[in-house]
Amino acid sequence: MMKRFLLLFFLLVQIQSFAQLKLARLFSDHVVLQRQKPIPVWGWAKPKEKVTVTLAGQKQIATADASGKWSVKFTPLEAGGPHKMTVIARSEKLEVNDILMGEVWLCSGQSNMEWPVRQADNFKVEKKNADFSQIRHFFVAHDVTMQPQTDLTSGEWKICDEENVGNFTAVGFFFARELYQKLKIPIGLLHSSWGGSQLEGWLSKEAMLTHEELKPVAQNLPKTWEEADAILDLKTRKQLLKTEVNPTVADEKKYTEAGYDFSKWHNAGSPIGQWDWKGIWMFRGKGFMARTVDIPEEMVGQATTLGLGIQDSFNEIYINGQLVSQGIVEGTRKITLPANTWKSGNNQLVIKFGNMVQFPWYGLGINGTPEDLFVSAKDSKVSLATGWYLMPSFAETHTYNHSCNNVATTIYNGMIAPLVPFAIRGALWYQGESNAGRAYQYRQTFPLMINDWRQKWKDEFSFYFVQLSSYGAYQNSNDGSDWAELREAQTMTLSLPKTGMAVTTDVGNPKDIHPTNKQDVGHRLALNALKSNYGLDVLHSGPMYESVHFEEDRAVVTFDYTGEGLTVKDKFGYVKGFEIAGEDKVFYYAKAEIIGDKIEVYHPKGQKPIAVRYGWANAPEDANLFNSEGLPASPFRTDNWKAKTEGKKFE
Numbered sequence: 001m002m003k004r005f006l007l008l009f010f011l012l013v014q015i016q017s018f019a020q021l022k023l024a025r026l027f028s029d030h031v032v033l034q035r036q037k038p039i040p041v042w043g044w045a046k047p048k049e050k051v052t053v054t055l056a057g058q059k060q061i062a063t064a065d066a067s068g069k070w071s072v073k074f075t076p077l078e079a080g081g082p083h084k085m086t087v088i089a090r091s092e093k094l095e096v097n098d099i100l101m102g103e104v105w106l107c108s109g110q111s112n113m114e115w116p117v118r119q120a121d122n123f124k125v126e127k128k129n130a131d132f133s134q135i136r137h138f139f140v141a142h143d144v145t146m147q148p149q150t151d152l153t154s155g156e157w158k159i160c161d162e163e164n165v166g167n168f169t170a171v172g173f174f175f176a177r178e179l180y181q182k183l184k185i186p187i188g189l190l191h192s193s194w195g196g197s198q199l200e201g202w203l204s205k206e207a208m209l210t211h212e213e214l215k216p217v218a219q220n221l222p223k224t225w226e227e228a229d230a231i232l233d234l235k236t237r238k239q240l241l242k243t244e245v246n247p248t249v250a251d252e253k254k255y256t257e258a259g260y261d262f263s264k265w266h267n268a269g270s271p272i273g274q275w276d277w278k279g280i281w282m283f284r285g286k287g288f289m290a291r292t293v294d295i296p297e298e299m300v301g302q303a304t305t306l307g308l309g310i311q312d313s314f315n316e317i318y319i320n321g322q323l324v325s326q327g328i329v330e331g332t333r334k335i336t337l338p339a340n341t342w343k344s345g346n347n348q349l350v351i352k353f354g355n356m357v358q359f360p361w362y363g364l365g366i367n368g369t370p371e372d373l374f375v376s377a378k379d380s381k382v383s384l385a386t387g388w389y390l391m392p393s394f395a396e397t398h399t400y401n402h403s404c405n406n407v408a409t410t411i412y413n414g415m416i417a418p419l420v421p422f423a424i425r426g427a428l429w430y431q432g433e434s435n436a437g438r439a440y441q442y443r444q445t446f447p448l449m450i451n452d453w454r455q456k457w458k459d460e461f462s463f464y465f466v467q468l469s470s471y472g473a474y475q476n477s478n479d480g481s482d483w484a485e486l487r488e489a490q491t492m493t494l495s496l497p498k499t500g501m502a503v504t505t506d507v508g509n510p511k512d513i514h515p516t517n518k519q520d521v522g523h524r525l526a527l528n529a530l531k532s533n534y535g536l537d538v539l540h541s542g543p544m545y546e547s548v549h550f551e552e553d554r555a556v557v558t559f560d561y562t563g564e565g566l567t568v569k570d571k572f573g574y575v576k577g578f579e580i581a582g583e584d585k586v587f588y589y590a591k592a593e594i595i596g597d598k599i600e601v602y603h604p605k606g607q608k609p610i611a612v613r614y615g616w617a618n619a620p621e622d623a624n625l626f627n628s629e630g631l632p633a634s635p636f637r638t639d640n641w642k643a644k645t646e647g648k649k650f651e
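Take the sequence shown: its position 421, counted from the start at 1, is 421 in the UniProt record's numbering, and no numbers get skipped.
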């Protein structure tokens with residue numbers, strides 16, 4: 001009898017927990033709802049329970065389905081507020097206060113969209129001038145799931161003020177601020193981004209199944225994280241060990257022996273940073289790092305200091321097969337070694353260590369600066385900043401963090417699906433760095449994602465994106481550039497309706513993948529919206545390649561969006577960034593001149609051109625063509641010769 005009573009009590013508790021009246025988390029205090037569009041509102045109650053929802057004088061009634069889900073749709077409202085929403089069922093009553101009607105923009109992508117205002121240029125000034133109570137921001141927490149989710153597990157709308165603005169997406173905030181200042185209409189930023197994420201994580205499974213190259217991936221997606229971890233483990237072993245066989249503890253013990261050849265391990269160059277970003281994705285456990293150290297003869301008979309950066313796990317340090325130090329050292333490590341620890345010439349330095357202790361999310365890796373890696377004696381010093389090889393310990397217990405790029409579709413499932421069909425005006429997208437190695441495929445996958453989202457929302461909303469900024473090398477076209485090819489794929493996506501692009505090569509940082517000038521990025525995105533969504537008479541784009549005409553010794557390039565004329569940002573007035581090639585397909589840096597709204601490009605030695613390229617590099621620092629409104633020309637090429645990334649596919 002008691003067992004039956006306890007079982008009945010347990011079931012009643014579960015039913016009450018399940019049946020609680022609930023709104024989707026997006027509908028919380030301070031929410032901004034999209035004006036001039038039907039307003040969907042949804043939530044959960046007891047199965048078959050009647051729910052009455054009121055908003056701004058409208059009343060809608062719904063009945064929860066068998067799973068408890070209910071939804072209503074209000075007729076469009078104009079900008080304004082604050083309003084209150086009430087949701088009433090027999091079981092409970094809910095209220096949402098301080099609701100504004102305005103313009104809602106979804107902000108998504110990877111780290112340059114996630115980049116907060118507090119880390120952007122001039123934050124102290126921006127913070128003091130952040131009193132915009134009608135700009136609100138909702139941050140969607142990072143989440144990856146195997147199945148599409150129906151609601152978010154956390155999040156709330158934050159009002160823009162001095163206290164909150166530092167955590168807003170910088171690109172989104174500067175975009176919203178300009179819209180608000182021009183339109184005087186409330187702006188809501190629905191921020192769902194994840195640093196380092198690949199586009200394929202943001203796609204739904206249904207979209208992937210429609211794509212010839214992605215279909216096999218979608219058909220073989222893991223169903224559980226255990227299955228996903230096993231797949232990633234196998235993939236990592238094949239990548240690093242060139243075998244599917246797990247090494248044993250005895251096999252890995254040889255790693256620290258004198259004479260072991262670790263040159264076939266993963267070549268990382270610098271050891272500083274997470275292994276996740278060095279090609280060993282989300283591995284958590286123990287690992288080895290090793291390098292050859294060339295010690296001059298005069299250091300051998302002296303005590304030395306071994307600098308190894310910051311790594312606070314238990315470390316074992318081996319030199320030429322001998323264990324010379326072990327234990328935990330917090331802070332910047334400087335380990336004293338007695339004379340004759342090293343030999344003259346090449347030495348093998350191998351370190352076995354584990355995940356960071358103070359920052360367990362960090363996993364394997366080292367913090368610090370290149371200057372923290374060295375061997376020093378009284379009067380000499382050998383840098384250890386580069387030349388390192390890495391290898392995880394597969395024989396010992398290890399796991400994999402569940403992050404953005406483990407499995408395709410999982411970001412969509414956890415961070416986009418729960419937002420549908422919340423009404424929005426459009427989306428802002430800043431992503432592509434993590435897809436540059438597959439830039440040619442991005443020509444198809446990027447439009448696929450845009451169409452996928454629009455189909456899920458059943459709304460052909462506006463979609464504006466940021467072209468990749470400048471980062472890395474300034475190579476010539478003969479070397480090729482995956483970042484240039486990604487920019488080309490982004491430019492080609494403008495063929496979709498209601499799209500726009502912000503060119504940012506002039507405000508990048510070749511030495512930092514996260515340029516801090518997010519003000520210009522937000523402004524250039526805002527120009528697209530002000531022009532296409534709000535009808536303002538503004539020039540929304542820099543010069544875009546339109547056509548080319550080849551003459552005997554020169555090429556004449558025509559542009560769209562020249563405004564009141566082409567110009568250059570160069571104190572001598574020279575146009576830079578152009579290359580030309582002849583029939584041999586060998587490119588040469590070229591001279592260029594502005595002739596009206598055209599550019600004449602030629603080689604001083606009279607080479608007959610058949611192809612022109614502009615800004616075709618990862619970081620085209622010299623590219624300096626603008627229109628009179630100060631917007632930069634988009635990099636382009638006039639040829640369609642084989643791309644560097646052609647054939648590279650997501651697997």
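Yeah, the Cβ is synthetic: ideal placement off N, Cα and C, and Gly gets one too. Note that the structure is predicted; figures quoted are calculated from it, not measured.
- Residue burial classification, residue 614 (beta-carbon count within 10 angstroms, cutoff 16): buried
- Query: What residues are listed by DSSP as bridge partners for residue 532?
  - Reply: Note: residue 532 sits in no beta bridge, so no partner.
- Item | Meets three-Cβ-pair contact criterion under 8 Å: the segment 131-146 and the segment 483-499 | no
- Item | 7 Å Cβ shell around residue 469 - same chain, five flanking residues per side excluded | 504, 505, 507, 508 and 515
- Item | Cα-Cα separation, residue 70 to residue 482 | 47 Å
- Message: Classify residue 384: buried if its beta carbon has 16 or more other beta carbons within 10 angstroms, exposed otherwise.
- Response: buried
- Item | Coil, strand or helix - residue 648 by DSSP | coil
- Query: Since residue 613 sits in a beta bridge, which residues does DSSP pair it with?
  - Reply: 579 and 637
- Message: Quick check: residue 419 and residue 33, are their CB atoms within less than 8 Å of each other?
- Response: no
- Message: Using CA atoms only, rank isn't needed, just tell me which of 574, 52, 559 and 230 is closest to residue 549.
- Response: 559
- Message: Assuming residue 117 and residue 525 are in contact, meaning their beta carbons sit under 8 Å apart, how far apart are those beta carbons, in whole angstroms?
- Response: Their Cβ separation, rounded to whole angstroms, is 15 Å, which puts residue 117 and residue 525 out of contact at 8 Å.
- Query: Going along the chain, which residues of its own chain have a beta-carbon closer than 6 Å to the beta-carbon of residue 646, five neighbours each way excluded?
  - Reply: 440
- Message: Considering only the alpha carbon of each residue, which of 579, 623, 219 and 595 lies closest to residue 604?
- Response: 579
- Task: Have a look at the DSSP bridge pairing and note the partners of residue 284.
- Result: 399
- Query: Just how far apart, CA to CA, sit residue 46 and residue 55?
  - Reply: 22 Å
- Assuming residue 239 and residue 290 form a contact by the criterion Cβ under 8 Å, report the distance between their Cβ atoms to the nearest whole angstrom. At roughly 18 Å, the Cβ-Cβ gap does not stay under 8 Å, so residue 239 and residue 290 are not in contact.
- Task: Examine the Cβ distances between the segment 293-310 and the segment 357-370 and report whether three or more of them are shorter than 8 Å.
- Result: yes
- Query: Taking the alpha carbon of residue 332 as the point to measure from, which residue in 326, 312 and 341 has its own alpha carbon closest?
  - Reply: 312
- Message: Check for me: the beta strand (DSSP E) holding residue 187 runs from which residue to which?
- Response: 187-193
- Task: Have a look at residue 623 and residue 577 and give me their C-alpha separation to the nearest angstrom.
- Result: 4 Å
- Alpha carbon to alpha carbon, what distance is there between residue 20 and residue 14? Bear in mind that the predicted position of residue 14 carries a pLDDT of just 46, short of 50, making it too unreliable to give a figure here.
- Which partner residues of residue 325 appear in the DSSP bridge assignment? 317
- In chain order, what residues of the same chain lie with their CB nearer than 6 Å to the CB of residue 636, ignoring the 5 residues before and after it? 545 and 614
- Item | C-alpha distance - residue 180 paired with residue 431, whole-angstrom precision | 25 Å
- Task: Just the C-alpha distance for residue 399 and residue 250, rounded to the nearest angstrom, thanks.
- Result: 20 Å
- Query: What are the boundary residues of the beta strand (DSSP E) that includes residue 40?
  - Reply: 39-44
- Message: Please identify the residue among 447, 37 and 556 whose C-alpha is closest to the C-alpha of residue 210.
- Response: 447
- Item | Endpoints, the alpha helix (DSSP H) within which residue 134 is located | Here residue 134 belongs to no alpha helix (DSSP H); instead the beta strand (DSSP E) covers 132-139.
- Task: Could you name each continuous alpha helix (DSSP H) segment of 4 residues or more that falls completely within the segment 533-562, going from the start of the chain to the end?
- Result: none
- Query: What is the DSSP secondary structure of residue 217, counted as helix, strand or coil?
  - Reply: helix
- Query: Hey, does residue 100 have any beta-carbon neighbour from chain D nearer than 8 Å?
  - Reply: In the structure shown, chain D cannot be found, because there is only a single protein chain.
- With DSSP run on the structure shown, which of helix, strand or coil describes residue 302? coil
- Query: Per DSSP, residue 389 forms a beta bridge with which residues?
  - Reply: 267 and 290
- Query: Whose C-alpha, out of 585, 561, 610 and 572, is nearest the C-alpha of residue 632?
  - Reply: 561
- Message: One question on the structure: do residue 403 and residue 110 come within less than 8 Å of each other, judged by their Cβ atoms?
- Response: no
- Message: So, at 8 Å on beta carbons, what are the nonlocal neighbours of residue 78 in its own chain, with the 5 sequence-adjacent residues on each side left out?
- Response: 35, 36 and 101
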